[in-house]
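Worksheet for the structure shown next.
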Amino acid sequence: MSAALQTIALEKRFGGLTATDKVSLTLRHGARHALIGPNGAGKTTFVNLLTGVLPANGGQILLDGQDVTRKGQIQRARLGMGRTFQINQLFGAMTPVESIGLAVSERMGGGADFWRRVGTRSDILNEIAELVERFRLTEVMDHPTRLLPYGKQRLLEIALALAANPRVLLLDEPAAGVPEAERAELLETLAQLPRDVSILLIEHDMDLVFAFADRITVLVNGGLFAEGSVAEIMADRRVQDVYLGSEDHG
Amino acid sequence: MTDTTFATPDRAAPAGTERRAGRDLLRRSRCKPAEILFWLAAAASFFLLPDRHLLLSEIAILGLFALSLDLIIGYAGVVSLGHGAFFGLGAYVAGLTSIHLTAEPLTGLALAALAAGLLGLLTGPLLLLRASDLTRLMVTLGVAMLLLEAANRAAWLTGGADGLQGVMIDPLLGRFEFDLFGRTAYGYCLVVTFALFLIARRVVTSPYGLSLRAIRDNALRARSMGIPVGPRLLAIYAFSALIAGIAGALLTQTTMFVSLDVLAFHRSADVLLVLVLGGVGYLYGGLIGAIAFKLLQDWFSALTPQYWMFWMGLVLLVIVLVGRDRIDALPRAILHRFRREGRA
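Chains Z and W are the protein sequences, given in the same order.
Just so you know, the first sequence maps onto residues 1 to 250 in the working numbering.
Just so you know, the second sequence maps onto residues 1 to 344 in the working numbering.
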């Protein structure tokens, strides 16, 4: 069986700087895989390569065995590549219900329908309600998104990605900036994500990584530095030196 | 992609949540009492203001034109400084149809719509390629200038600077003669504007309309959700152009004259001004703005025939600087205060 997501010697250069240096990474089906690394290690560039925001200079990206290296952002999304953003990318003027409803109807191929009234399909309503409940947005479901507490916005960020029914979900620092009081809710929701979605977690916060992931890849200076189970990475002295040791200075 | 839902029986959401979600989604397409009042007033104006039909026709045409601009600015976030190109094209196509093809008005209207929509489809990719407001303003302005000069040069077809002579329009539906007082003209403009308003309203409250709002709000996110941003924007641009073309055709058919003036820059500028007066993104902005614009124009030009543009400019400045929301909130604040004092 092919992997959910695989990169082969993926490369990205900005002028003389190599931001992604021949990274080969395999995300298994149903994986809870974390990608960590110090600041400037090239984590965000890597996500942008995977999702097609940036074109790669070399190497390959396989989504469920299919080569998507030359495909655009929209096509990859349609093929099942979902992502969340490190900085919220939401629809501020729309309510969570509208945003999620949009994601669901787009996935079902009804997004170009210009004659049906929004809110008249019970299968979509049903799914919106389920996602709203799952992501604990029930209370604020019909409020404008920009007025939501930050933690709720983070939850909506993930809900939107999941509403597209992705095969692979890239979570880019999902807990970034969430106040302590709203953190537990977010972590619980992350733990309850459907098991059939393969997840790559890009994270800075080691507590979250250890709680969530079963496998860890360490990226340093754009290149693959180490990979292994959580226990292996925790025991790896080199990783402690370059990364865990420097955690204190951020 | 598989289409399994997450709503498995053991995780079924409470029916209350579903109902609330449904209410939230239907909120925008529900007809509000103020809307019914608005259109009743419009219908009443036909019967109650018989000596104002010419002005009212102008208002309806300008309102429809501004509504078309609202579709791209208010709903898709695409700015334009050359929407007059579509208006002017529609006006010329309607005029030429009446001279060379048929004087039947509805055919002219349909051909004008088709031509303007096609021009929108062809020029749309130019401004959607680079998604900056400045490039869009310049590209739309450029297209409008090209069209104006082309119409000027092609004097054998358009009459050039003298205007298109000999436009005659048959009675509407073979029964209603276009009279001097603008009775048929206003009825015609009002019905066409209302019909297109209904269609536009339907479009903006559809899933497609929702995706436009999402693109305007955050195109990056829309793309990552798999929404084909380019084609969606192109479709609304062409639709908007089509409506602008119909507005232009109405002007030709009700005045039985076309000149280069329909393609002039001030058309594009005026319609933008109208939209700012009335407010963007709720479809009525163009219509209300057109009423305000024409009434103010009427009033200012009676007051100071030569300097009415000065006062118009002043009103525009006040609206933009004070801000729409604060002006909109004013009546409510006064009402609120009034009530509080009434209770005390």
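Think of the CB as a built atom: it goes at the ideal place given N, C-alpha and C, for glycine as much as any other residue.
Because the structure is a prediction, the values reported are computed rather than measured.
Taking 8 Å as the threshold, the shortest C-beta distance from residue 112 of chain Z to chain W falls below it. Within the segment 36-55 of chain Z, the residues whose Cβ lies closer than 7 Å to some Cβ of chain W are 51, listed in chain order. Residue 120 of chain W is a Cβ neighbour of residue 86 of chain W, given a cutoff of 8 Å.
For the segment 179-191 of chain Z, the beta-carbon criterion of a distance under 9 Å to any beta-carbon of chain W is satisfied by none of its residues. By the 16-neighbour rule on beta-carbons within 10 angstroms, residue 32 of chain W is exposed. Here residue 57 of chain W is near residue 189 of chain W, since their CB atoms are less than 8 Å apart. Contiguous beta strand (DSSP E) elements confined to the segment 62-142 of chain Z occur at 81-83, taking only those with 3 or more residues. The shortest CA-to-CA distance from residue 125 of chain Z to any of Z:104, Z:195, Z:142 is the one to Z:104. Residue 33 of chain Z: member of the beta strand (DSSP E) spanning 32-36, first to last residue. Using beta-carbon distances, residue 89 of chain Z counts as an interface residue toward chain W, with a partner under 8 Å.
With fewer than three CB-CB distances shorter than 8 Å, the segment 52-67 of chain Z does not count as touching the segment 149-162 of chain Z. Interface flag for residue 118 of chain Z against chain W is set, since a Cβ pair is found closer than 8 Å. Residue 229 of chain Z is bridged by DSSP to Z:215. Annotation for residue 71 of chain W: no beta strand (DSSP E) segment contains it, and DSSP assigns it neither H nor E. A distance of 8 Å or more separates the beta carbons of residue 274 of chain W and residue 64 of chain W. Scanning chain W for C-beta atoms nearer than 9 Å to the C-beta of residue 234 of chain Z yields nothing, as the closest lies near 33 Å away. Annotation for residue 52 of chain Z: 72, 73, 76 place their beta carbon closer than 6 Å to its own, counting only its chain and skipping 5 residues before and after. Interface residue (Cβ-Cβ distance to chain Z less than 8 Å): residue 24 of chain W is classified as such. The beta carbons of residue 158 of chain Z and residue 84 of chain Z sit closer together than 8 Å. Within chain Z, no C-beta atom comes nearer than 9 Å to that of residue 151 of chain W; the closest sits roughly 32 Å away.
The three-state secondary structure of residue 59 of chain Z, taken from DSSP, is strand. Residue 205 of chain Z sits in coil when the DSSP states are folded into three classes, being neither helix nor strand. Three or more beta-carbon pairs separated by less than 8 Å are not found between the segment 32-47 of chain Z and the segment 189-199 of chain W, which leaves the two stretches without contact. Close CB contacts of residue 214 of chain W within its chain, under the 6 Å cut and outside five residues either way in sequence, are with 222 (chain order). Here residue 152 of chain W is exposed. Its C-beta has fewer than 16 other C-beta atoms within 10 Å.
Nearest neighbour of residue 175 of chain Z by Cα position, chosen from Z:197, Z:167, Z:192, Z:204, turns out to be Z:204. Counting the other Cβ atoms within 10 Å of the Cβ of residue 33 of chain Z gives 16 or more, which makes it buried.
Contact of residue 217 of chain W with chain Z by beta-carbon distance below 7 Å involves 91, 92, 93, 94.
By the criterion of a C-beta distance shorter than 6 Å, residue 217 of chain W is surrounded by no residue of its chain, once the five residues flanking it on both sides are discounted.
Of the candidates W:330, W:329, W:240, W:126, the residue whose Cα lies closest to the Cα of residue 230 of chain W is W:126. Counting only Cβ-Cβ distances below 9 Å, residue 105 of chain Z has contacts in chain W at 207, 210, 211, in chain order. Residue contact check for residue 199 of chain Z against chain W: no CB pair falls below 8 Å.
Taking 8 Å as the threshold, the shortest C-beta distance from residue 225 of chain W to chain Z falls below it. The residues 189, 190, 193, in chain order, have a CB closer than 6 Å to that of residue 60 of chain W in the same chain once the five nearest residues on each side in sequence are set aside.
Residue 223 of chain Z is bridged by DSSP to Z:21, Z:220. For residue 220 of chain W, the C-beta contacts it makes with chain Z under 7 Å involve 89, in order along the chain.
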